[in-house]
Amino acid sequence: MKPEYKIISDLIEKNAKVLDVGCDDGTLMEFLKTNKNVNIRGIEISKEKVQTCIAKGLTVIEGNAELDLKQFPNDSFEYVVLGQTLQAFINPEIVIKELLRVGNRAIVTIPNFGHWKVRLNLLFKGTMPITNSLPHDWYNTPNIHMCTIKDFVKFSKIINFKIFKSLALINGNVSDINNLNLIFKNLFGELGIFLIEK
Amino acid sequence: MDIKQNIKTLIVEKPLKLDCGQTINNFPLAYETYGSLNNEKDNAILVFHALTGDQFVTGINPVTKKDGWWSYAVGSGKSIDTDKYFVICANVIGGCMGSFGPSHENPKTKKIYGTDFPVITINDMVNAQINLLDFFGIKKLFSIVGGSMGGMQVLQFISNYPDKTKTAIPIACTSSHSAQNIAFNELGRQAIAADHNWSDGNYNSKNVAPDKGLAVARMAAHITYLSKKGLQEKFGRKLQERDDLKFGFDADFQIESYLRYQGSVFVDRFDANSYLYITRAMDYFDLVKQFNGNLSDAFKDTKAKFFIISFTSDWLYPTQENKDIVIALNAIGANVGFVEIESDKGHDSFLLNVPDFLKTLKNFLDKSYAEKLS
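Quick mapping for you: the protein sequence lines, in order, are chains A and B.
Residues 1 to 198 in the numbering used here are what the first sequence spells out, letter by letter.
Residues 1001 to 1374 in the numbering used here are what the second sequence spells out, letter by letter.
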């Protein structure tokens, strides 16, 4: 189980209606069902993973978030979760807007490209950074729109959504991000976790 | 066809008003069951058959002496596990395996109905089958399952009886029969009508049957159930028991021989007029129109858990048509899962040994049963 699952769970109220976008093998869905008794649905692009989810008794549809979120009416869910996939979309702006249309709130996690290891990697090796959370080469990476924690905060102002809560994951510990520590968190945070609203 | 006397039949006394306006009563509904109904009566699954299927879902069909049409999916330890569930399947009305159909005698004229039989719809089929629930004392089914025309019956059933099932599994189907599908059905019907033995549907009185026309209808339809890739891999240009082309019109190619065989065995078990009636029922199926263009309204009263399955190589009921049902269900916040299964076996995938499909179907049913849905 990924370390941020517990943090995501803490951000969600009990018995809420939740959509997990890119739900993978359903681990987070099961965790939220058990811990928060949520009414949860998933959408996943991989056929194999959808079948895994079905085998776990989860309600999941095979689909692509960029094309298939439009079938959900406005405010269908109280929370929509997007875990570490924003960077893989062709148009992250549309995806964020769709998340906030179908959900009252969204929880978005992003692998932080501003992390010091990534920066040193590029500075000293002169090649595109490869890290534990970003293991691909530049030519085969699905992550076509990498961003930093700072970029995401800027993005919220540009496309006009509210960041209700922002957290950084550093060595398995979670901490708040605010205006004063943003530079620091952007350097040391491995993952940014944002609870956002329209 | 004396072997048919072993067929279990429920005589439906209650009048049934058909979509065509006629009312029928005291009509036979042939059915078969597998497994046993538990004390709580909460383990029943109603399976709906497709165009040329019948109530003999699994095991040896007592009439044809061949494996039941869904032997891969239904049986002890299989996807629809008969050790666990009580499986019911009825022959659709309009069919020819014991249920009220065009090969029955019209009590008024003492003649075989033929094309005097009323036109049947998918709606009529499910309205006939709901009587089985009362007959078995089942308040709510655990599931309804069907592929192709069976899937259409699943959709119509849940629309008509939203609180009569806990789960619903429409497979490789559509909510509205497409122009292409109507076209293929019309091709089949015209092949039957072009056989002079058909005699405007009155062949029974002449003791003949439009076997040639029905065989051609079956051959044409069979092609639509497969995929180009599947056909190419199985048959390619392989020759049938010969080393070279014979420069004639015999079946030189294996695919020709295969289709001819499919046609010839079909006429032994199927009635040509039933083929006309059932294909017509499929063509008339348009749940979207029935709900004035809003498919979601068909499902607005149900709390059932849906699982929709399509196949990558099915070009007859393609994924998009199945997805339209998913979209309509999501639009009203229904509980719906969906997967497109990878298979090169075409529309027939749901009837064949496609492990991913069989496994997923089993997982969905067993997990949902364990949930004890209300």
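From the three backbone atoms N, C-alpha and C, an ideal C-beta is built for every residue, glycine too.
Neighbour flag for B:Val1339 against chain A, beta carbons, 9 Å: Closer than 9 Å: yes.
Spatially closest choice to B:Phe1306 from B:Ile1255, B:Glu1340, B:Ala1168 and B:Ser1349, by CA coordinates: That would be B:Ala1168, whose Cα lies nearest to the Cα of B:Phe1306.
Buried versus exposed call for B:Ala1183 [16 or more other C-beta atoms within 10 Å across all chains shown]: The residue in question, B:Ala1183, is exposed, as its Cβ has fewer than 16 Cβ neighbours within 10 Å.
Between the alpha carbons of A:Thr109 and A:Leu182, how many angstroms are there, rounded? For A:Thr109 and A:Leu182, the distance between alpha carbons rounds to 16 Å.
Tell me where the alpha helix (DSSP H) around B:Gly1151 begins and ends. B:Gly1151: member of the alpha helix (DSSP H) spanning Met1149 to Asn1160, first to last residue.
For B:Lys1108, name the three-state secondary structure that DSSP assigns. In this structure, B:Lys1108 counts as coil in the three-state DSSP scheme.
According to DSSP, is B:Val1092 helix, strand or coil? If DSSP states are grouped into helix, strand and coil, B:Val1092 belongs with coil.
Pick from B:Pro1118, B:Trp1069, B:Arg1242 and B:His1049: whose alpha carbon is nearest that of B:Thr1023? Restricting attention to B:Pro1118, B:Trp1069, B:Arg1242 and B:His1049, the CA atom closest to the CA of B:Thr1023 is found in B:Pro1118.
Does any residue of chain B have a CB that is nearer than 9 Å to the CB of A:Leu28? Residue contact with chain B for A:Leu28: absent (no Cβ-Cβ distance below 9 Å to any residue of chain B).
Bridge partners - B:Glu1032, DSSP secondary structure assignment: The secondary-structure analysis by DSSP pairs B:Glu1032 across a beta bridge with B:Cys1089.
Just checking, does the segment 1026 to 1045 of chain B make contact with the segment 1234 to 1244 of chain B on the three C-beta pairs under 8 Å criterion? Because the criterion of three Cβ pairs below 8 Å is not met, the segment 1026 to 1045 of chain B and the segment 1234 to 1244 of chain B do not touch.
Is DSSP giving A:Pro142 helix, strand or coil here? A:Pro142 falls in the coil class under three-state DSSP.
How big is the Cα-Cα spacing for B:Val1074 and B:Lys1362? The alpha-carbon separation between B:Val1074 and B:Lys1362 amounts to approximately 10 Å.
Among residues of its own chain, excluding the 5 on either side of B:Gly1095, which ones have a beta-carbon nearer than 6 Å to its beta-carbon? Within the same chain, and ignoring the five residues on either side of B:Gly1095 in sequence, the residues whose Cβ sits closer than 6 Å to its Cβ are Gly1101 and Ser1274.
Quick check on the burial criterion: 16 or more other C-beta atoms within 10 angstroms. Buried or exposed for A:Trp138? A:Trp138 comes out exposed.
Once you ignore the five residues that flank A:Glu30 on each side, which residues in its own chain have a CB closer than 8 Å to its CB? Answer for A:Glu30: Lys56 and Leu58, listed in chain order.
Less than 9 Å between the C-beta atoms of B:Asn1123 and B:Gln1290, yes or no? Taking 9 Å as the Cβ cut-off, B:Asn1123 and B:Gln1290 qualify as a contacting pair.
Is A:Leu167 helix, strand or coil by DSSP? In the structure shown, the three-state DSSP call for A:Leu167 is strand.
Closest Cα partner of B:Ala1215 within the set B:Asn1294, B:Asp1243, B:Ala1194 and B:Thr1064: Of B:Asn1294, B:Asp1243, B:Ala1194 and B:Thr1064, the residue nearest in Cα terms is B:Ala1194.
Enclosing alpha helix (DSSP H) for A:Phe31 [first to last residue]: Per DSSP, A:Phe31 belongs to the alpha helix (DSSP H) from Thr27 to Lys36.
Counting only Cβ-Cβ distances shorter than 9 Å, please list the residues of the segment 1330 to 1356 of chain B near chain A, keeping chain order. Listed by position, the residues of the segment 1330 to 1356 of chain B near chain A (Cβ gap below 9 Å) are Asn1330, Ala1331, Ile1332, Gly1333, Asn1335, Val1336, Gly1337, Phe1338, Val1339, Glu1340, Ile1341, Glu1342 and Asp1356.
List, from N- to C-terminal side, the alpha helix (DSSP H) runs of 4 residues or more that fit wholly inside the segment 1300 to 1354 of chain B. Counting only runs of 4 or more, we get 1319 to 1330.
How long is the line joining the alpha carbons of B:Tyr1284 and B:Arg1189, rounded to whole angstroms? When rounded, the distance between both Cα atoms is 14 Å.
Determine, using beta carbons only, whether A:Val80 comes closer than 9 Å to chain B. With 9 Å as the cut-off, A:Val80 does not count as an interface residue toward chain B.
Reduced DSSP secondary structure (H/G/I, E/B, other) of B:Lys1078: Three-state DSSP puts B:Lys1078 in coil, outside helix and strand.
Complete runs of the alpha helix (DSSP H) confined to the segment 65 to 99 of chain A [at least 4 residues]: Runs found: 65 to 68.
According to DSSP, what are the bridge partners of A:Asn173? In the DSSP output, where bridge partners are listed per residue, A:Asn173 has A:Ile170.
Residues within the segment 1315 to 1329 of chain B neighbouring chain A, beta-carbon criterion of under 7 Å: Listed by position along the chain: Val1326 and Ile1327.
Taking only beta-carbon positions, decide if A:Phe188 is within less than 9 Å of chain B. No, no contact with chain B.
B:Asn1363 touches chain A at which residues, Cβ-Cβ below 7 Å? What B:Asn1363 touches in chain A: Ile54 and Ala55.
Would A:Ile45 be called buried (16 or more neighbouring beta carbons within 10 Å of its own) or exposed? Classification for A:Ile45: buried.
If you draw a straight line from the C-alpha of B:Met1001 to the C-alpha of B:Arg1269, how long is it? With a pLDDT of 47 at B:Met1001, under the threshold of 50, the predicted position of this residue should be treated as unreliable, though the coordinate-derived value follows. Using only the alpha carbons, I get a separation of about 10 Å.
Reference A:Gly114, options A:Ile159, A:Leu134 and A:Lys157, closest by Cα: Per the Cα distances, A:Leu134.
Is B:Ala1370 close to chain A? Criterion is C-beta to C-beta, closer than 9 Å. It does: the Cβ of B:Ala1370 has a partner Cβ on chain A nearer than 9 Å.
Enclosing beta strand (DSSP E) for A:Asp20 [first to last residue]: Lys17 to Val21 is the extent of the beta strand (DSSP E) around A:Asp20.
Report the three-state DSSP secondary structure of B:Lys1166 (helix, strand or coil). Note: B:Lys1166 maps to strand in three-state DSSP.
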